[in-house]
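Peer 1: Taken in order, the sequence shown gives residues 16 to 240; the numbers are from the working numbering. The beta-carbon is built from N, C-alpha and C at its ideal position, and this holds for glycine as well. Okay, handing you the structure first.
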Amino acid sequence: MGDLTRHRPKPLLHVRGKPILEHILLGLRSAGVERVLVVVGYLGEQIVTALGDGRRLSLKIEYAWQPEARGTADALLVVRASINAPFFLSWGDVLVSQDSYRELASAFAAQPAAAWMAVNEVEDPCQGAAVYLDADRRVQRIVEKPARGTSTTRWNNAGVGIYSPDIFTYAQMAPVSPRGERELPQAVDLMIQDGHPVYALPVLGFWSDVGTPEALAFADEHYPA
C-alpha cells in the first residue's frame with residue numbers, strides 16, 4: 016500500500032474507527048478465544064504499543080517476533096512451541112464478519128478435522144490461493160497464486176481458519192520460493208495430499224483483503240459495524 020504502510024504496519028490501518036487487527040481480535044473473542052499469539056515483524060513495536068497485553072479487549076495477548084519476513088508458514092513456525100491444541104489463525108490484514116469466526120468454531124466443533132478454512136468467492140483466484148472443493152466442501156487441493164485464467168475454481172483462501180497442530184509439520188515441509196518464503200496454503204495442500212481432512216466454509220456477509228488503498232476504502236465503508 017505504498018505510503019500508507021511505509022511507516023505504519025498494515026494491521027494498524029483503521030477501518031470503522033478501529034485498527035484492522037483490533038477488528039480481528041474482537042471477532043476471535045466473539046468465537047470464545049481468550050488467548051491470542053500475535054506474530055510481529057517490521058514495525059511490530061507499533062502493534063505491541065497499540066494493543067498492549069489485551070486487557071482493554073478482554074483478551075490475553077502475547078507476542079512473538081519473526082526476525083525476517085519469510086512467508087506465512089514461517090510465521091506460524093515461530094509459535095510452534097506455544098500451541099498444542101486446535102487454534103484459530105488469521106492474517107493480520109484480512110477482514111471477515113464476526114459471524115464467520117463463530118461459524119468456523121461451530122463447524123469445527125460439529126466436525127473436527129485437520130483444518131476448517133474460510134473461503135471467499137472471486138472471479139479469478141489468481142492473487143491468492145485457489146481452493147478446490149468437492150460437493151461436501153472438503154478441500155481437494157490448494158494452488159498458491161495460479162496463473163491468471165487457469166483456475167477452474169472460484170474459491171479463494173480467505174485467510175482465516177481453525178487448524179490442528181498437524182499443520183506445524185507441514186509448515187516445516189512447505190517449499191521455499193525463490194524469494195526465500197514458505198507460504199501456509201502450500202503447507203495445507205501438503206497436509207491434504209497426505210490424507211488429512213480439510214473443509215471449507217464460505218465467509219458470511221463480508222470479506223476484504225485490505226491490500227490496496229481501494230480495498231481499505233471499501234472495507235471502511237462496508238465492514239459491518
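1. Give the C-beta separation of Ile62 and Leu36 to the nearest angstrom, bearing in mind that I take them to be a contact with Cβ-Cβ under 8 angstroms.
2. Starting from the C-beta of Ser166, find all residues in its chain whose C-beta is less than 8 angstroms away, skip the five residues before and the five after it, and write them out in chain order.
3. Here's the rule I'm using: 16 or more other beta-carbon atoms within 10 Å means buried, otherwise exposed. How should Trp80 be labelled?
4. Along the chain, where does the beta strand (DSSP E) containing Met16 start, and where does it finish?
5. Which class does Ala128 belong to by DSSP, given the choice of helix, strand or coil?
6. Would you mind stating whether Arg156 and Asp114 have Cβ atoms separated by less than 7 angstroms?
7. Taking 6 angstroms as the limit between beta carbons, can you name the residues of its chain near Thr168, skipping five residues before and five after?
8. Distance check for Ser223 and Gly47, CA to CA, integer angstroms please.
9. Using alpha carbons as the reference points, say which of Ala232, Met16 and Val109 lies closest to Ala173.
10. By the three-class DSSP mapping on this structure, what secondary structure does Ile62 have?
11. Please report the straight-line C-alpha distance between Gly107 and Ile39, rounded to a whole angstrom.
12. Have a look at Tyr185, Gly56, Leu27 and Lys75 and flag the residue whose alpha-carbon is nearest the alpha-carbon of Arg44.
13. Among residues of its own chain, excluding the 5 on either side of Val134, which ones have a beta-carbon nearer than 8 angstroms to its beta-carbon?
14. Where in the stretch 112-178 do unbroken runs of the alpha helix (DSSP H), each at least 4 residues long, occur, reported from the N-terminal end onward?
15. Can you give me the start and stop residues for the beta strand (DSSP E) that Tyr214 sits inside?
16. Taking Cβ positions, are Phe123 and Ile177 nearer each other than 7 angstroms?
Peer 2: On the basis of the coordinates in this document:
1. As a first step, residue 62 must be located in the sequence shown, where it is residue number 47. As a first step, residue 36 must be located in the sequence shown, where it is residue number 21. Rounded, the Cβ-Cβ distance is 7 angstroms, consistent with contact.
2. Here residue 166 refers to the residue found at position 151 when the sequence shown is read from its first residue. Asp139, Pro140, Cys141, Ala145 and Val158, listed in sequence order.
3. For this step, residue 80 is matched to residue 65 along the sequence shown. Trp80 is exposed by the Cβ-count criterion.
4. Here residue 16 is taken as the residue at index 1 of the sequence shown, counted from 1. Counting along the chain, Met16 falls outside any beta strand (DSSP E), and DSSP gives it neither H nor E.
5. As a position in the sequence shown, residue 128 is number 113, starting the count at 1. Reduced to three states, the DSSP call for Ala128 is coil.
6. On the sequence shown, position 141 is the one that residue 156 refers to. On the sequence shown, position 99 is the one that residue 114 refers to. Contact: no.
7. The residue given as residue 168 occupies position 153 in the sequence shown. So the list reads Ala145 and Tyr147, once near-sequence residues are dropped.
8. Start at 1 with the first residue of the sequence shown, and residue 47 comes out as number 32. Start at 1 with the first residue of the sequence shown, and residue 223 comes out as number 208. Taking the straight line from one Cα to the other gives about 23 angstroms.
9. As a working mapping, residue 173 is identified with position 158 in the sequence shown. Per the Cα distances, Val109.
10. Here the question's residue 62 lines up with position 47 in the sequence shown. The answer is helix: DSSP assigns Ile62 an H, G or I state.
11. One-based indexing of the sequence shown puts residue 107 at position 92. One-based indexing of the sequence shown puts residue 39 at position 24. Cα-Cα distance, rounded: 8 angstroms.
12. Here residue 44 corresponds to residue number 29 of the sequence shown, with the count starting at 1. Of the candidates Tyr185, Gly56, Leu27 and Lys75, the one whose C-alpha sits nearest the C-alpha of Arg44 is Lys75.
13. By one-based count along the sequence shown, residue 134 stands at place 119. Excluding residues within five positions, the ones whose Cβ falls inside 8 angstroms are Val146, Leu148, Trp170, Asn171, Asn172, Ala173, Ala215, Leu216, Pro217 and Val218.
14. 113-125
15. For the purposes of this step, residue 214 is identified with residue 199 of the sequence shown, where counting begins at 1. Val213 to Pro217 is the extent of the beta strand (DSSP E) around Tyr214.
16. Taking the first residue of the sequence shown as position 1, residue 123 is located at position 108. Taking the first residue of the sequence shown as position 1, residue 177 is located at position 162. Contact flag set, yes.
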